[in-house]
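Undergrad:
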Amino acid sequence: MITLSVVVPVRDGERFIADALTSLSRNARHDFEFIVVNDGSVDATGDIIDDFAGDLPGLTVLRNPAPVGLADARNTGLSAASGRYVTFMDGDDWLAPGYLAQLVEAIDGLGCDFVRTDHVQVEGRKRVVHRAPLARRGVVHDPRDAILPASVRTMVDYPYAWAGVYRRSLRDLLHFPGSLHTAEDRPWIWRLHREAATFAVVSLAGVFYRRMVSGSLTQVGDERQLHFFDAFELVFKNLEPRFLPKAVRNFCALLAHHLEIGGRLTPALRARFEERGAQMVRALPAELVSESVARMSVEREATLRALVPDLPSSPNVRVRRDREES
Numbered sequence: 001m002i003t004l005s006v007v008v009p010v011r012d013g014e015r016f017i018a019d020a021l022t023s024l025s026r027n028a029r030h031d032f033e034f035i036v037v038n039d040g041s042v043d044a045t046g047d048i049i050d051d052f053a054g055d056l057p058g059l060t061v062l063r064n065p066a067p068v069g070l071a072d073a074r075n076t077g078l079s080a081a082s083g084r085y086v087t088f089m090d091g092d093d094w095l096a097p098g099y100l101a102q103l104v105e106a107i108d109g110l111g112c113d114f115v116r117t118d119h120v121q122v123e124g125r126k127r128v129v130h131r132a133p134l135a136r137r138g139v140v141h142d143p144r145d146a147i148l149p150a151s152v153r154t155m156v157d158y159p160y161a162w163a164g165v166y167r168r169s170l171r172d173l174l175h176f177p178g179s180l181h182t183a184e185d186r187p188w189i190w191r192l193h194r195e196a197a198t199f200a201v202v203s204l205a206g207v208f209y210r211r212m213v214s215g216s217l218t219q220v221g222d223e224r225q226l227h228f229f230d231a232f233e234l235v236f237k238n239l240e241p242r243f244l245p246k247a248v249r250n251f252c253a254l255l256a257h258h259l260e261i262g263g264r265l266t267p268a269l270r271a272r273f274e275e276r277g278a279q280m281v282r283a284l285p286a287e288l289v290s291e292s293v294a295r296m297s298v299e300r301e302a303t304l305r306a307l308v309p310d311l312p313s314s315p316n317v318r319v320r321r322d323r324e325e326s
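Numbering of the sequence shown is given in UniProt numbering, commencing with residue 1 and proceeding in unit increments.
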């Protein structure tokens with residue numbers, strides 16, 4: 001019987017895939033399986049993976065002749081998984097030795113549907129621990145209780161699929177929207193928290209996440225960035241009214257961020273991005289958008305008001321924000 005399946009999608013990852021697989025070999029156990037999905041790589045990624053065939057017990061390699069994107073590559077790995085639990089790792093990240101055994105111990109001991117963890121963000125030699133935004137650790141919670149309040153960072157603002165472990169019996173809840181080539185984790189985490197029964201957060205930080213890697217979707221400025229809007233349309237679809245303020249605040253904050261880094265887009269694509277953004281903002285309840293924008297920094301508020309000049313103001317919220325900042 002397989003206890004844990006680890007799904008690792010990778011595309012053109014020759015720079016880092018050896019580090020990733022080496023870290024998996026330091027976590028290997030007879031009841032663990034490692035499913036690497038080579039998503040249409042055209043560099044030496046496939047050859048490097050094949051070199052690990054004798055060094056990584058439980059390795060299975062799936063190959064997509066042409067790239068299908070991160071979401072569908074993960075789904076391909078999920079379909080092949082046979083473990084009681086499943087976790088994810090990206091092909092440019094790595095794990096601390098013994099981390100996977102700690103994950104299994106945590107979810108076994110807590111008996112919940114899924115467990116989220118902290119992670120270590122890596123930029124060059126810099127290491128920063130990022131904590132999952134829930135203070136009560138090692139306690140089972142209702143996932144819906146971790147969506148609100150709207151005004152602070154909560155678990156739906158921490159969407160990283162690789163920062164956790166999940167019961168494979170969750171089935172469709174673990175699958176990603178295959179139509180999305182970026183921001184696929186946003187509707188994924190919202191659905192997981194709305195529909196799963198139990199979860200917990202534990203103080204483990206064994207995932208080392210490389211940030212600002214060239215070629216990653218966070219650095220690419222092509223049409224895939226428009227999938228950000230498709231992702232949030234899925235978040236808003238059939239959303240319960242009590243969660244709407246949180247989703248609106250989440251969307252507005254991320255939209256402002258994307259506009260701030262819009263220099264990576266071509267002028268034509270930026271114009272399309274701004275048009276789509278303005279349309280979505282105007283389609284949301286104006287009072288919720290106004291309140292969300294008024295709670296932002298002055299710079300971000302100016303960015304969104306430049307996008308939607310006719311956005312109503314929320315003076316009471318702004319006064320409270322200014323007092324808090326002072």
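C-beta atoms are modelled at their ideal positions from N, C-alpha and C, and glycine is treated no differently. Bear in mind that the values here come from a model prediction, so they are computed numbers and not experimental data.
So is aspartate 113 buried or exposed if we call it buried at 16+ other beta carbons inside 10 Å?
TA: Result: buried.
Undergrad: Report the rounded CA-to-CA distance for leucine 56 versus aspartate 39, giving the unit in angstroms.
TA: When rounded, the distance between both Cα atoms is 20 Å.
Undergrad: In angstroms, rounded to a whole number, what distance separates the CA positions of leucine 173 and aspartate 72?
TA: Their backbone Cα atoms lie some 14 Å apart in a straight line.
Undergrad: May I have the straight-line CA-CA distance separating proline 65 from aspartate 19, to the nearest angstrom?
TA: Roughly 24 Å between the two C-alpha positions.
Undergrad: Between the alpha carbons of valine 8 and leucine 24, how many angstroms are there, rounded?
TA: Approximately 10 Å between the Cα atoms of the pair.
Undergrad: Going by alpha carbons, who is nearest to tyrosine 160 out of Val86, Asp142, Ala132, Arg168?
TA: Minimum Cα distance to tyrosine 160 is reached at Ala132.
Undergrad: Glycine 46 lies in the alpha helix (DSSP H); which residues open and close that run?
TA: Segment 45-51, the alpha helix (DSSP H) holding glycine 46.
Undergrad: Between arginine 194 and isoleucine 147, is the Cβ-Cβ spacing less than 9 Å?
TA: Their beta carbons are under 9 Å apart, which means arginine 194 touches isoleucine 147 by this criterion.
Undergrad: Would you tell me roughly how many angstroms separate the C-alpha atoms of alanine 306 and serine 292, rounded to the nearest one?
TA: Looking at the two C-alpha atoms, the distance is approximately 15 Å.
Undergrad: Which same chain residues, not among the five before or five after alanine 256, have their C-beta less than 7 Å away from its C-beta?
TA: Result list for alanine 256: Met296, Arg300, Thr303, Leu304, in chain order.
Undergrad: Hey, out of Ala163, Val156, Cys252, Phe243, whose CA is closest to tyrosine 99's CA?
TA: Closest by alpha carbon: Ala163.
Undergrad: Pull up the distance between the alpha-carbon of proline 149 and that of arginine 276, whole angstroms please.
TA: Between proline 149 and arginine 276, the C-alpha separation is close to 27 Å.
Undergrad: Counting C-beta neighbours from all protein chains within 10 Å, is the total for valine 235 16 or more, i.e. buried, or is it exposed?
TA: With 16 or more other Cβ atoms within 10 Å, it is buried.
Undergrad: Out of Ile35, Ser82, Pro67, Gly83, which has the shortest C-alpha to C-alpha gap to threonine 60?
TA: Out of Ile35, Ser82, Pro67, Gly83, Ile35 has the C-alpha closest to the C-alpha of threonine 60.
Undergrad: Apply the 10 Å Cβ neighbour rule to alanine 106 and answer buried if 16 or more other Cβ atoms are within range, or exposed otherwise.
TA: When all chains shown are included, alanine 106 counts as buried.
Undergrad: Could you check which residue in Gln102, Ser314, Trp190, Met1 has the C-alpha nearest to that of lysine 246?
TA: When only C-alpha atoms are compared, the closest one is Trp190.
Undergrad: Across which residues does DSSP place arginine 63 in a beta bridge pair?
TA: Bridge partners of arginine 63: Asn38.
Undergrad: If we count the other Cβ atoms within 10 Å of its Cβ and call it buried at 16 or more, is alanine 200 buried or exposed?
TA: Result: buried.
Undergrad: With a threshold of 16 other CB atoms inside 10 Å of the CB of valine 10, please say whether the residue is buried or exposed.
TA: Valine 10 comes out buried.
Undergrad: On a Cα-Cα basis, can you pick out the residue from Val37, Thr22, Val308, Thr45 that is closest to aspartate 12?
TA: The option with the nearest alpha carbon to aspartate 12 is Thr45.
Undergrad: How many angstroms separate the CA atom of alanine 294 from the CA atom of cysteine 252?
TA: Cα to Cα, alanine 294 sits roughly 11 Å from cysteine 252.
Undergrad: Less than 9 Å between the beta carbons of leucine 95 and phenylalanine 208, yes or no?
TA: Contact: yes.
Undergrad: Assuming threonine 154 and tyrosine 85 form a contact by the criterion Cβ under 8 Å, report the distance between their Cβ atoms to the nearest whole angstrom.
TA: Not quite, the Cβ-Cβ distance comes to about 24 Å (not below 8 Å), so this is no contact.
Undergrad: Looking only at C-alpha atoms, which of Asn250, Leu204, Asp51, Arg242 sits nearest to alanine 231?
TA: Answer by Cα proximity: Asn250.
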